[in-house]
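Numbering (this note's numbering), first residue to last: 10 to 827.
To start, the structure itself, in structure tokens.
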Amino acid sequence: MPDDCRRASTWKIVAALLCCLLTGSVPASAASSSLRVVVATHQTPQEKAITQMFVEETARRAADGLLPSIENGAVSAHPDSSNIVLLAQRSEVAALLPAEISLSWNRAIDSLHPSDHAEAFSIVSIPWQQRTVTVIAGNDVRGELFGAGWLLRHMNFAGPSPQLPSHLHVFEFPEKPVRGHQIGYRFKNNTYDAWTLAQFEQGIRDLAIFGTNTIQLISPASDDQATSPLFPAPALDTFLGISKILAKYGLDCDLYYPEMRKDYTDPAALEAELKDFEALVRAMPRLDALYVPGGDPGHTSPEVLFPLMAREVEVLHRYHPQATVWVSAQGFNREQYERFYTLLDAHPAWLTGVFFGPQSRDSFFTQRKRIPAQYAMQFYPDIGHTMHAQFPVPQWDPIFALTEGREPICPRSLAFNDIYHHFQQLHSGFVTYSEGVNDDVNKIVWSQLGWSSKTPIDTILGEYARMFLHREGSQQQLAVRAIRGLEEDWNGPILANHQIPATLQTLETLERDSTPAQVKANGPWESLLYRAFYDDYLQRKLGRERNAEAGALSALDQAGLSSADRVAAARRTLAASKPDTVEQSEHDRLFSLGGQLFHDYGLQLSVRLYGASNWERGANLDRVDTPLTETAWLNNAIDVALKQPEESARLQALHALTHWQHPTPDSIYDDLGDPANEPHLIRGLGWEQDPEMYDTANDGIADRTLADGWRLSWLDYAETLYEKPLQLDYSGLDPHRTYRIRVTYAGEDFALPLRLVANGDIEIHPARLRHSNPETVEFPIPSSAVAGGTLSLSWTGPEGSGGSGRGRQVAEVWLLPE
Numbered sequence: 010m011p012d013d014c015r016r017a018s019t020w021k022i023v024a025a026l027l028c029c030l031l032t033g034s035v036p037a038s039a040a041s042s043s044l045r046v047v048v049a050t051h052q053t054p055q056e057k058a059i060t061q062m063f064v065e066e067t068a069r070r071a072a073d074g075l076l077p078s079i080e081n082g083a084v085s086a087h088p089d090s091s092n093i094v095l096l097a098q099r100s101e102v103a104a105l106l107p108a109e110i111s112l113s114w115n116r117a118i119d120s121l122h123p124s125d126h127a128e129a130f131s132i133v134s135i136p137w138q139q140r141t142v143t144v145i146a147g148n149d150v151r152g153e154l155f156g157a158g159w160l161l162r163h164m165n166f167a168g169p170s171p172q173l174p175s176h177l178h179v180f181e182f183p184e185k186p187v188r189g190h191q192i193g194y195r196f197k198n199n200t201y202d203a204w205t206l207a208q209f210e211q212g213i214r215d216l217a218i219f220g221t222n223t224i225q226l227i228s229p230a231s232d233d234q235a236t237s238p239l240f241p242a243p244a245l246d247t248f249l250g251i252s253k254i255l256a257k258y259g260l261d262c263d264l265y266y267p268e269m270r271k272d273y274t275d276p277a278a279l280e281a282e283l284k285d286f287e288a289l290v291r292a293m294p295r296l297d298a299l300y301v302p303g304g305d306p307g308h309t310s311p312e313v314l315f316p317l318m319a320r321e322v323e324v325l326h327r328y329h330p331q332a333t334v335w336v337s338a339q340g341f342n343r344e345q346y347e348r349f350y351t352l353l354d355a356h357p358a359w360l361t362g363v364f365f366g367p368q369s370r371d372s373f374f375t376q377r378k379r380i381p382a383q384y385a386m387q388f389y390p391d392i393g394h395t396m397h398a399q400f401p402v403p404q405w406d407p408i409f410a411l412t413e414g415r416e417p418i419c420p421r422s423l424a425f426n427d428i429y430h431h432f433q434q435l436h437s438g439f440v441t442y443s444e445g446v447n448d449d450v451n452k453i454v455w456s457q458l459g460w461s462s463k464t465p466i467d468t469i470l471g472e473y474a475r476m477f478l479h480r481e482g483s484q485q486q487l488a489v490r491a492i493r494g495l496e497e498d499w500n501g502p503i504l505a506n507h508q509i510p511a512t513l514q515t516l517e518t519l520e521r522d523s524t525p526a527q528v529k530a531n532g533p534w535e536s537l538l539y540r541a542f543y544d545d546y547l548q549r550k551l552g553r554e555r556n557a558e559a560g561a562l563s564a565l566d567q568a569g570l571s572s573a574d575r576v577a578a579a580r581r582t583l584a585a586s587k588p589d590t591v592e593q594s595e596h597d598r599l600f601s602l603g604g605q606l607f608h609d610y611g612l613q614l615s616v617r618l619y620g621a622s623n624w625e626r627g628a629n630l631d632r633v634d635t636p637l638t639e640t641a642w643l644n645n646a647i648d649v650a651l652k653q654p655e656e657s658a659r660l661q662a663l664h665a666l667t668h669w670q671h672p673t674p675d676s677i678y679d680d681l682g683d684p685a686n687e688p689h690l691i692r693g694l695g696w697e698q699d700p701e702m703y704d705t706a707n708d709g710i711a712d713r714t715l716a717d718g719w720r721l722s723w724l725d726y727a728e729t730l731y732e733k734p735l736q737l738d739y740s741g742l743d744p745h746r747t748y749r750i751r752v753t754y755a756g757e758d759f760a761l762p763l764r765l766v767a768n769g770d771i772e773i774h775p776a777r778l779r780h781s782n783p784e785t786v787e788f789p790i791p792s793s794a795v796a797g798g799t800l801s802l803s804w805t806g807p808e809g810s811g812g813s814g815r816g817r818q819v820a821e822v823w824l825l826p827e
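Below you can see the structure in the form of structure tokens.
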């Protein structure tokens, strides 16, 4: 089980906090910190929690590890020269300042022109008696929280004691009223099922420091197992405990409540659901909003879902009368969408708004046009997945997809900056979909963009580096470069990417210059290292294995040798390929970091070693040793070739293996799913204009490995969503020749009938199901289709589908001249 060592305080801090709880302040004798915190005499429970957060987070990052003292009442002179932070609501500040600096405060606040915006804060530094008084003035209690977070993000912790920024003259308020992230305490996610309530509290603090004001909890009953082997406490206890933590800090607690029963037209099922729902919401210490998805998970049609929700809202408002109510159209098919819009046109009074999430066949823009303006819309973006997801990494090298998988450590600050701005005008706020800590950088990016969309990405990453990596100055700049480098590692073909070793070198430089306090038991730091080593290891391993594979194929095609000699030479070449010392060292470091990340962060990078629920749930340590080339397929194919009764047949079969992509002269080949080898694929709009790929072809990979005996060209595929055709266009064809098309249908286990037409109206084959996976078939191309020297091929699937809209998957295409 992971411990709390990254997040725990020293015994000195614990003792001081106990004193604080017992007396209401930290006595001066208990703290020799160079910082004093002054607060109003009468604080709300939330203000006391915010003050405790500020002093503890300061001490946790300071080299001296000392708690600032807390003083209740007005700012007063003191024998020492400690700087002072005054933390209060704006209406209280003047009464808490000494008379000789009240005028300075009044002038400063007048020049800032602060509005009465909720959650806003002002921060002003005022010189006084050889010290500085830094005033954090919140418009409300949350303003105090976010002002304290702002100051923490801008303090310098590099010296022996924390240094406050000087000449502060700040007024800020958030652009979006809802800036949230989802937590699911469930077996399926990659981290949270291993966390204690103390770790959740620290994680919530970390997010609040960067402007998060909402945490959404997944109901303990969802599409998951009731328990996890890693749970330190029962699901309901932890769920309610997190709600209590949010109440402590005055943050919104939202409930994501999928309707999971089979049939709500059954009165017994309906009453049972209402009973369970009431028991849950009655027990929650705080509940500010209810979110019910149409699907993902769940499967209730809108005409059944809306009456059910109306009954649930009656129950909800008995216990939480101010809670808002939100619904999504996730998973609905085309007919269900139309019924959904019709129901909204009736303006149900119990509904606050609609949230837009994954598995929505109508785009965010379409939904905003169709949904009555009285209903606000919120965003539910998936920020943790890299493929088979709402925002897949565009044109991702299939080797990354094969190994690092769907839920890797994935800082994507530049991409999500673009995605945020693409949808910014459509929503009143967001709650991101996350499965753990693999996307922690992305959470911070979203929180800060929700506060101010004009914040430069490097500013956000720099503050992340200060807060979580404990870096200042040139080290902070290197950390920013490394985080951005990890995103650039995934651009283009892996073997041609020179950023990969540069990113690792940057992090190794930081590691070499680190103090133990910067890196010990530091999950965010270990995460970056793990990803950098993983990328570099893959590049080294792939280069070695590809060289061996090329040598083996060359041996199999060696003229003048018998089939037996060719095979012997090929297999010697493959067997001689071994990791060098650098590759082996990186392999071992990955396993070491995997253990540290589980221990320090709860991140489950292996099913076998750390209890991850499934390989695709971030457990990519389990694929470190998977082959990256087609050795298993090649050896099997060689065995089949050697069983041919005649030598000529054996040689012909070996020749076919070595000329897989071009089996005949002038053949034209596309390995769909490999961005570097699909020249005839019509990409479409591109992800910059179409981040969710509604009108853009996407590359994917099946959930198998090359050890299963598949070719990589079978594993990877191209696909399009819903009714968008998958299209290949050819030019420069000989109109006097006839052609055949050879297609490999392969990928995930979708049972989706596909139809293939040429030039829009010439049917090559009618809608048909794949008979095996993979399946390679051939069809003639009518001469009329290439009469103009061009050819367009389009694959279409069923109309009106819902869910993810996926399954139109094609792996390989050959155009073979007769």
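Don't be surprised by glycine CBs; every beta carbon is placed ideally from N, CA and C.
- I469 and V450 have their C-alpha atoms roughly 9 Å apart.
- The continuous alpha helix (DSSP H) containing Y546 extends over residues G532 to L565.
- The beta carbon of P502 sits closer than 6 Å to those of D406 and A685, all from its chain and outside the five residues before and after it, given in chain order.
- Taken through DSSP and simplified to helix, strand or coil, Q172 comes out as strand.
- Taking all protein chains shown into account, D634 has fewer than 16 neighbouring C-beta atoms within 10 Å of its C-beta and is therefore exposed.
- Between V528 and D246, the alpha-carbon positions lie close to 32 Å from each other.
- Going by C-alpha positions, I135 is about 16 Å away from G156.
- Comparing alpha-carbon positions, the option among S483, E625, T395 and A585 lying closest to W499 turns out to be T395.
- Annotation: T309 is outside any beta strand (DSSP E) and is labelled neither H nor E by DSSP.
- Assignment of beta-bridge partners to G362 by DSSP yields W335 and A385.
- In the three-state reduction of the DSSP assignment, Q818 falls in the strand class, which pools E and B.
- Here S803 is bridged, per DSSP, to Q736 and V766.
- With a contact defined as Cβ atoms closer than 8 Å, S792 and R659 miss out at about 36 Å.
- In the three-state DSSP reduction, H689 falls in the coil class, being neither helix nor strand.
- Under the three-pair Cβ rule at 8 Å, the segment 631-649 counts as touching the segment 556-567.
- Of the residues assessed, V591 falls on the exposed side of the cut-off, its CB having fewer than 16 other CB atoms within 10 angstroms.
- By the neighbour-count definition (other C-beta atoms within 10 Å, threshold 16), E65 is a buried residue.
- Here G445 carries a coil assignment [DSSP, helix/strand/coil].
- Looking at the DSSP output, E728 shares a beta bridge with N707 and Q818.
- The alpha-carbon of R720 is positioned some 11 Å away from that of P636.
- In the displayed model, H774 falls within a strand according to three-state DSSP.
- Ranked by Cα distance from E344, the first of E416, R746 and S810 is S810.
- When secondary structure is reduced to three states using DSSP, I224 falls in the strand class.
- Bridge partners of I145 according to DSSP: L96 and I132.
- Setting aside the 5 residues that flank it on each side, L666 is surrounded in the same chain by L562, L565, L643, A646, I647 and A650, each with a C-beta closer than 8 Å to its C-beta; the list follows chain order.
- At the C-beta level, G362 and A385 come within 8 Å of one another.
- By the neighbour-count criterion, in which a residue is buried when 16 or more other Cβ atoms sit within 10 angstroms of its Cβ, S369 is buried.
- Sequence-distant partners of R188 (beyond 5 residues in either direction) whose C-beta falls short of 8 Å from its own C-beta, in its chain, are G220, T221, N222, T223, G438, F439, W455, S456, G459 and W460.
- The bridge partners DSSP lists for G304 are H308.
- In the DSSP assignment, the residues bridged to S78 are R45.
- Here DSSP, grouped into helix, strand and coil, assigns A68 to helix.
- Listed in chain order, the alpha helix (DSSP H) runs fully inside the segment 179-241 are 206-218, counting runs of at least 4 residues.
- In this structure, the alpha-carbon of S78 lies about 37 Å from that of S443.
- Considering only D215, Y266 and A557, the residue with the shortest C-alpha distance to Q225 is Y266.
- Burial check for A628: the Cβ neighbour count within 10 Å reaches 16 or more, so the residue is buried.
- The beta-carbon separation of G152 and E128, rounded to 5 Å, stays under the 8 Å limit for a contact.
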